[in-house]
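Here's the structure, in structure tokens; my notes come after.
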Amino acid sequence: MKIKILPASVIDKIAAGEVLQRPASAVKELVENSIDADAKRIEISFEAGGKTITVSDDGSGMSEEEVKLAVKRHATSKIATDEDIDKIKTMGFRGEALASIAAVSRFSLKTKREGYEAIELKLSGGKSAQLLPAARARGTTVTIKDIFYNTPARKKFLKTDATERKHIIRSVELAALSHPEISFSLKEKGNILFDLPPDSLKERTGNIIGKNLSRKLLGIEFKNPYIQLSGYISPPEVSFLNKNRIYFFVNRRPVFSPLLMHATGRGYLQFIPPNKNPACVININIKPEFVDVNVHPAKKEVRFVNQQGVHQILSKVITSKLQDVPGVFEVEEAPAKKKKSRPKPSYSKNSGSMPSQNRIAEPRQKYIDSIDLSRARKFTFTPPSTPENKDSSHDDKDKIIPFFQWKNKYVVGHDSKGIVIIDQHTAWERINYEKLKKEASSRKAAAQGLLIPEVVEYERSRAGILSRHAGVLAQYGLIIEDFGPGAFKITAVPASTAKTLRGEEAADMVESIISLIEKTGKGPLKEELMDEILKLIACRSSIMAGDSLSMDEMRKMTANLN
Ligand code: ADP
Ligand code: MG
Numbered sequence: 021m022k023i024k025i026l027p028a029s030v031i032d033k034i035a036a037g038e039v040l041q042r043p044a045s046a047v048k049e050l051v052e053n054s055i056d057a058d059a060k061r062i063e064i065s066f067e068a069g070g071k072t073i074t075v076s077d078d079g080s081g082m083s084e085e086e087v088k089l090a091v092k093r094h095a096t097s098k099i100a101t102d103e104d105i106d107k108i109k110t111m112g113f114r115g116e117a118l119a120s121i122a123a124v125s126r127f128s129l130k131t132k133r134e135g136y137e138a139i140e141l142k143l144s145g146g147k148s149a150q151l152l153p154a155a156r157a158r159g160t161t162v163t164i165k166d167i168f169y170n171t172p173a174r175k176k177f178l179k180t181d182a183t184e185r186k187h188i189i190r191s192v193e194l195a196a197l198s199h200p201e202i203s204f205s206l207k208e209k210g211n212i213l214f215d216l217p218p219d220s221l222k223e224r225t226g227n228i229i230g231k232n233l234s235r236k237l238l239g240i241e242f243k244n245p246y247i248q249l250s251g252y253i254s255p256p257e258v259s260f261l262n263k264n265r266i267y268f269f270v271n272r273r274p275v276f277s278p279l280l281m282h283a284t285g286r287g288y289l290q291f292i293p294p295n296k297n298p299a300c301v302i303n304i305n306i307k308p309e310f311v312d313v314n315v316h317p318a319k320k321e322v323r324f325v326n327q328q329g330v331h332q333i334l335s336k337v338i339t340s341k342l343q344d345v346p347g348v349f350e351v352e353e354a355p356a357k358k359k360k361s362r363p364k365p366s367y368s369k370n371s372g373s374m375p376s377q378n379r380i381a382e383p384r385q386k387y388i389d390s391i392d393l394s395r396a397r398k399f400t401f402t403p404p405s406t407p408e409n410k411d412s413s414h415d416d417k418d419k420i421i422p423f424f425q426w427k428n429k430y431v432v433g434h435d436s437k438g439i440v441i442i443d444q445h446t447a448w449e450r451i452n453y454e455k456l457k458k459e460a461s462s463r464k465a466a467a468q469g470l471l472i473p474e475v476v477e478y479e480r481s482r483a484g485i486l487s488r489h490a491g492v493l494a495q496y497g498l499i500i501e502d503f504g505p506g507a508f509k510i511t512a513v514p515a516s517t518a519k520t521l522r523g524e525e526a527a528d529m530v531e532s533i534i535s536l537i538e539k540t541g542k543g544p545l546k547e548e549l550m551d552e553i554l555k556l557i558a559c560r561s562s563i564m565a566g567d568s569l570s571m572d573e574m575r576k577m578t579a580n581l582n
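Quick note, the sequence shown lines up with residues 21 to 582 if you use the numbering used here.
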């Protein structure tokens, strides 16, 4: 057989296959280029699951000479010698991304460098280059259309637009989380998905994973001469079904790392239930010579010189932070006394169920002797079964006036008989449950549209369950629409509950509802199951233990109980 050197166009396509698995990879590479170009603001927009993508920045821009080189393979301004590979500080260094993207799409790059004319370079499948004059301010805009149009095999592997969309959003979120000082905006078909100003990591985290959650996150910090670790982790009482809220960055590069994932799991071992996952944003800074970022074509994986050491440090830093979190039952100690024993997380005390009000008295009796607990009213979550016994425990005169919130978990107040201690989560759960039940029976559930409808996908059997029962869920204000095969769009969530859910929280809830229904087999939903679903919605849409409440919010709660 005759051996031939492959033509450049074929090599480019092969290389493209390695760097670009899907449209989101193109977004990642283009955004990283903008970051490397010192952009202060990066605007990303996409359509049709990423078949069209535009990334625009206000970075350095390029001269005509630079542009011509930029789209050639192994053309990079970021490293020059082989020694440089061992101390990479930029996001890019392989000089492959632009060439690869241009090889498999209809590509346009408009750019202007200070002191040079703005120009546009157009390519189609990496060929028929056209260089045109352009008009724009300093910076670069890359537009790619019809990605993978000339690599049909790759195109076939693309998932539904809904899935590709998720990957795109995720890759921009990763870039935004690792570079909070840069302003990012993301648009889909002209609709703004987010538009973030330059921020601190804490604020940026709030914008990406939700303000409610980010308020509860705990800061972590560790430093030795080799490695520096910082970021935010969720406290023991907050955990999730999936790993979507776990983010790792090594030298500001988002990485997928089984090692770091395992270390995190180890760190949380005694603090959250085994089937649950935390939320965390973890930044590892390590001298470039102690980490290899060149083990994966898309630079998604890293290898540490001392894998074991990094694992140990991360899990220990997490565990020691979680041990410092005051337990549910801990009361501020007198300043003279030092903390001796570490409080246990609330979940291990009562296996995941919410602490009920009457438990408060036991462990720390001496601190609260002055409160007459025999008079405390119990608000445990036992939904009334008949209309008669509803509200029979208190009449109109017997209003609860809140005093203060205790440990972000209990509302302490009084009524005509004395002191009342209310578990805020359980109380809201009951209030929500009763409201939803009433609304559902009158078929007037209030729904609140989501700003960004959450798209979820399930395999056939689970998708079938959701299709069959979406109508029932709509009675509670949870509106779910079909969105292509196996895909659904959650467009609205219950509005009359204590907390309006975010898209991801709603998706988590829908997943739990499907699991509930799945367990009980086929056929129409029985009444008990409907009730279970209602309780689940009531629980997830509640103020959580750990949420701090303003006086107004406490009043709103007690008013609902009165
Ligand atoms: P790499 O990022 O690995 O160097 P790329 O193919 O992604 O390789 O980019 C090639 C070169 O093009 C970069 O080294 C950089 O000099 C230039 N470049 C790419 N995108 C931009 C941009 N948005 N702004 C300025 N220069 C850019
Ligand atoms: Mg690059």
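C-beta atoms are modelled at their ideal positions from N, C-alpha and C, and glycine is treated no differently. All values reported here derive from a predicted model rather than from experimental measurement.
In the structure shown, the three-state DSSP call for residue 326 is coil. Pairing residue 265 with residue 171, the inter-Cα distance amounts to about 33 Å.
Contact check for residue 472 and residue 486: beta-carbon distance about 19 Å, past the 8 Å limit, so the pair fails to qualify. Apart from the 5 residues on each side of it in sequence, residue 87 sits with its Cβ closer than 7 Å to the Cβ of 129, 131, 139 and 141 in its chain, given in chain order. In this structure, the CA atom of residue 72 is about 17 Å from the CA atom of residue 62. According to the DSSP assignment, residue 493 belongs to the alpha helix (DSSP H) that extends over 480-494. Under the three-state reduction of DSSP, residue 296 is assigned to coil, being neither helix nor strand. For residue 159, the enclosing beta strand (DSSP E) starts and ends at 159-165. Counting C-beta pairs closer than 8 Å gives fewer than three between the segment 425-437 and the segment 530-549, which falls short of the contact rule. The continuous stretches of alpha helix (DSSP H) do not include residue 153, which lies in the beta strand (DSSP E) extending over residues 147-153. Measuring C-alpha to C-alpha distances from residue 91 to each of 111, 116, 236 and 432 identifies 116 as the nearest. In the displayed model, residue 181 falls within a helix according to three-state DSSP. Counting along the chain, residue 278 sits inside the alpha helix (DSSP H) bounded by residues 278-288.
In the three-state DSSP reduction, residue 144 falls in the strand class (E or B). In terms of CA proximity to residue 284, 251 leads the group 308, 251 and 309.
Comparing alpha-carbon positions, the option among 456, 337 and 504 lying closest to residue 479 turns out to be 504. In this structure, residue 53 has its beta carbon less than 6 Å from a heavy atom of ligand 2.
Ligand 2 has a heavy atom closer than 6 Å to the beta-carbon of residue 117.
At least one heavy atom of ligand 1 lies less than 6 Å from the C-beta of residue 96.
Membership of residue 51 in the alpha helix (DSSP H) is indicated by the continuous run 43-56. Straight through space, the alpha carbons of residue 493 and residue 520 are spaced by roughly 16 Å. The beta carbons of residue 202 and residue 337 sit no closer together than 7 Å. Boundaries of the alpha helix (DSSP H) around residue 453: 444-462.
Ligand 1 approaches residue 80 closely enough that one of its heavy atoms is under 6 Å from the residue's Cβ.
Relative to ligand 1, residue 77 has its C-beta within less than 6 Å of a heavy atom. Residues 187, 188 and 191 of the same chain have their beta carbon placed closer than 6 Å to that of residue 44, with the five preceding and five following residues left out of the count.
Residue 474 places its beta carbon 7 Å or farther from that of residue 506.
In this structure the segment 49-65 lies against the segment 75-85, because at least three pairs of beta carbons, one per stretch, are closer than 8 Å. Straight-line measurement puts the Cα of residue 65 at about 8 Å from the Cα of residue 205. The beta carbons of residue 233 and residue 299 sit closer together than 7 Å.
Apart from the 5 residues on each side of it in sequence, residue 126 sits with its Cβ closer than 6 Å to the Cβ of 144, 165 and 166 in its chain, given in chain order. With respect to residue 514, residue 497 sits close: the two C-beta atoms are nearer than 7 Å. For the pair residue 57 and residue 29, the CB atoms are not nearer than the 7 Å cut-off.
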